[in-house]
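Positions 1 to 563 (the working numbering) are the ones given, in order, by the sequence shown. We put the CB at the ideal spot given by N, CA and C, even for glycine. This structure is a prediction, so every number in the text was calculated from the model and none was measured.
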Amino acid sequence: MLFTSVAALAQSELDVRVKPSNDELKANIEGYIGSLGDRDEEALQRFSRGAEEQARKAAQALGYYQPQIDSEVKGGEKPRLVLTIDPGEPIRLRNVTVRVDGPAASLKSFRVPKSDVLKPGAVLNHGRYEDAKRLIQNQASRFGFFSGHFTSQKLLVDPRAGVADVELIYDSGPRYALGNVSFEGDTPFDEDLLQRMVPFKAGEPYDSELIAELNQALQSSGYFEGVRVDAAPTAAKNDVIPVAVKLDTRKPRTMGLGLGYSTDVGPRIKANWTRHWVNAQGDSYGWEAELSAPRQNVGVFYDIPLDPPLTDKLRWAAGYQYEDIDGSDTLSKLLTLGPEWHSKLPSGWQRVISLKWQREEYQLGDDSGLSTLLMPGVSYSYLKSDNRIDPHNGYRLTFESKVAKEGLGSDNNLVYGTALIKGLTTVFDKHRFLGRVQVGGSATNGYKSVPPSLRFFAGGDQSVRGYDYQSLSPENSEGDRIGGRYMVAGSVEYQYSIAEKWRVATFVDQGNSFNKLELPNLKTGVGIGVRWVSPVGPIRLDLAHALDDDGGIRLHFSMGPEL
Numbered sequence: 001m002l003f004t005s006v007a008a009l010a011q012s013e014l015d016v017r018v019k020p021s022n023d024e025l026k027a028n029i030e031g032y033i034g035s036l037g038d039r040d041e042e043a044l045q046r047f048s049r050g051a052e053e054q055a056r057k058a059a060q061a062l063g064y065y066q067p068q069i070d071s072e073v074k075g076g077e078k079p080r081l082v083l084t085i086d087p088g089e090p091i092r093l094r095n096v097t098v099r100v101d102g103p104a105a106s107l108k109s110f111r112v113p114k115s116d117v118l119k120p121g122a123v124l125n126h127g128r129y130e131d132a133k134r135l136i137q138n139q140a141s142r143f144g145f146f147s148g149h150f151t152s153q154k155l156l157v158d159p160r161a162g163v164a165d166v167e168l169i170y171d172s173g174p175r176y177a178l179g180n181v182s183f184e185g186d187t188p189f190d191e192d193l194l195q196r197m198v199p200f201k202a203g204e205p206y207d208s209e210l211i212a213e214l215n216q217a218l219q220s221s222g223y224f225e226g227v228r229v230d231a232a233p234t235a236a237k238n239d240v241i242p243v244a245v246k247l248d249t250r251k252p253r254t255m256g257l258g259l260g261y262s263t264d265v266g267p268r269i270k271a272n273w274t275r276h277w278v279n280a281q282g283d284s285y286g287w288e289a290e291l292s293a294p295r296q297n298v299g300v301f302y303d304i305p306l307d308p309p310l311t312d313k314l315r316w317a318a319g320y321q322y323e324d325i326d327g328s329d330t331l332s333k334l335l336t337l338g339p340e341w342h343s344k345l346p347s348g349w350q351r352v353i354s355l356k357w358q359r360e361e362y363q364l365g366d367d368s369g370l371s372t373l374l375m376p377g378v379s380y381s382y383l384k385s386d387n388r389i390d391p392h393n394g395y396r397l398t399f400e401s402k403v404a405k406e407g408l409g410s411d412n413n414l415v416y417g418t419a420l421i422k423g424l425t426t427v428f429d430k431h432r433f434l435g436r437v438q439v440g441g442s443a444t445n446g447y448k449s450v451p452p453s454l455r456f457f458a459g460g461d462q463s464v465r466g467y468d469y470q471s472l473s474p475e476n477s478e479g480d481r482i483g484g485r486y487m488v489a490g491s492v493e494y495q496y497s498i499a500e501k502w503r504v505a506t507f508v509d510q511g512n513s514f515n516k517l518e519l520p521n522l523k524t525g526v527g528i529g530v531r532w533v534s535p536v537g538p539i540r541l542d543l544a545h546a547l548d549d550d551g552g553i554r555l556h557f558s559m560g561p562e563l
């Protein structure tokens, strides 16, 4: 049989009292002493002298070298050790020398520790002194000063005078360089392709960030399932570090299948198949398809890596789309074909230059036709975001323009352009503000021959909530929605976080499409909603009320990142 008293099971308590109050010192003493366990009153009496010594060391670590410490043990069902500390006057820094000598001294990105806690007159803090040493050593490791060392590391304390002197002098020695990159593993790729993924050239000064970039570049290429980069300073010769990369090639083919839903198109199925590499130059190809009630499309592509291969490519693409939108009297059968040059500019902008041939058979109300256009175009996009899935701050900019000339592969003259600006900011962690502005326009001398894919409509989940998908449009004499030459839409939304992954929202949307460049008749929708942050981005459920045209209340459902 087992009998244990409640008192024996009770944890002893440590009661630290610092006078005058000093929360940092109190917490440091409690951390030094730690848990008292289940000591009884007699055990606490024996432990009290050791606790006083631990408290003294904790006080010295924060610059209090002459504390007055008294201990008292109080019995009862839960014994307590009471420590009363009068820290006295702290030690203050008198002479402070923190210096880096050698080539690192001229490197702007090598920071010499300078702060208010490490200058003459500041209270001595041993932790800050150690932090300064670690900062210098960590930077030396990052920037390749592997033979560096401290020629002086002194902390001299004079408790009677109440002062301390600090001297930290670091000799960086020479900066090592990165050598040639060698690749190991059974890969089908040309050496030239692999070398074009390396973000540095042999002979560049060592920087651990460059090694991390190399690892990330190879991981994100889509060619490999395993990447290991070794750049060991111990293997250096003449201060040059060779870089060895071990690669495990991924399976060449993958297939994906997904289900989704939005109130714009209802349930939808997406499928894709990709051959990630087809030859030693890293070419790839694949197809993707989407099926929903109003829209079905399939596209194929063939990608050729350019230089640099991770951001630049030449894509040959073709696609077919069938769209039949109930309520808008729009039917479209669209075939597209042409090359695209994708590149990332030094400024961070993504650019796509394209030459698209499209053939579209369409019906808009009682208007039908067959359009053939050959359109060179260019688009720019820029995304700044603190999180790809669920950002808290950031913005997205997108601009697109394309033209067609009658007689040059086209049966109509057309200039077409769109722009999208989205922004998001979070205040005090819980308050989120989102804004969106969309504009579009076209110029042509034969608007009746412009197909539906190049006309503008508004309304729907991503445009003006409270109105059906593409329901805001100019109408013909029969009341059919036929699209407009121009479009403008905007939104302002406020979200409040009520739990870790839940938010409530309120919003105002406004917009319309129109045919004349004059003050448009904008339609307004207002509403409330709820957001749940899923692993693939926020899932949005909104109730929106259309304020114009005797509009009712509509339910909107969508998902994906805010930017």
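By the Cβ criterion, the segment 162-177 is in contact with the segment 80-100, since at least three pairs of Cβ atoms, one from each stretch, lie closer than 8 Å. Exposure of histidine 149 is indicated by the presence of fewer than 16 other C-beta atoms within 10 angstroms of its C-beta. In the DSSP annotation of this structure, leucine 306 is not part of any alpha helix (DSSP H), being labelled neither H nor E. The Cβ-Cβ distance between arginine 253 and threonine 234 does not fall below 9 Å. When the alpha-carbon of glycine 338 is set against those of Asn515, Gly409, Val265, the nearest one is in Gly409.
Taking the Cα positions, threonine 506 is about 39 Å away from glutamate 360.
Scanning its chain for C-beta atoms nearer than 7 Å, with the 5 sequence neighbours on each side dropped, one finds around asparagine 215 the residues Val227, Val229, in chain order. For glutamate 406, the secondary structure class from DSSP, reduced to helix, strand or coil, is strand. In the three-state reduction of the DSSP assignment, threonine 254 falls in the strand class. If you check the CB distance, glycine 441 and glycine 490 do not come in under 9 Å.
Short of 8 Å from the beta carbon of aspartate 131, and not among the five residues preceding or following it, lie these beta carbons of its own chain, in chain order: Pro113. Of Pro242, Tyr261, Phe456, the smallest CA-CA separation from methionine 559 is found for Tyr261. Within the model, the alpha-carbon separation for isoleucine 498 versus asparagine 512 is close to 33 Å. Tyrosine 395 has its alpha-carbon roughly 54 Å from the corresponding atom of threonine 84.
Contact check for proline 561 against serine 385 passes: the beta carbons are separated by less than 9 Å. If you look at glutamate 41, you'll find it isn't in any beta strand (DSSP E); it sits in the alpha helix (DSSP H) that goes 41-61. The three-state secondary structure of glutamate 130, taken from DSSP, is helix.
A contact is defined here as three or more CB-CB pairs under 8 Å, and the segment 124-143 fails this definition with respect to the segment 178-198. If you look at leucine 25, you'll find it in the alpha helix (DSSP H) that goes 23-33. An exposed status is given to asparagine 180, since fewer than 16 other beta-carbon atoms sit within 10 Å of its beta-carbon. For the pair lysine 501 and glutamine 510, the CB atoms are not nearer than the 9 Å cut-off. In this structure, aspartate 15 places its C-beta atom within 9 Å of the C-beta atom of arginine 80.
Restricting attention to beta strand (DSSP E) runs no shorter than 3 residues, the segment 406-487 encloses them at 414-427, 431-443, ordered along the chain.
The segment 417-429 makes no contact with the segment 457-475: fewer than 3 CB pairs, one atom from each, lie closer than 8 Å.
With respect to the 9 Å criterion, valine 526 and histidine 545 are classified as neighbours on the basis of their beta carbons.
Boundaries of the alpha helix (DSSP H) around asparagine 215: 208-220. Take glycine 37, set aside five residues on each side of it, and the residues of its chain with a beta-carbon closer than 8 Å to its own are Gln11, Ser12, in chain order. Using a 10 angstroms sphere on the CB of histidine 431, the tally of other CB atoms stays under 16, which defines it as exposed.
Under the three-pair Cβ rule at 8 Å, the segment 288-305 does not count as touching the segment 206-215. Just so you know, the alpha carbons of phenylalanine 146 and lysine 154 end up roughly 22 Å apart. Taking the Cβ atoms as the reference, leucine 124 lies roughly 4 Å from glycine 63, within the contact range of under 8 Å.
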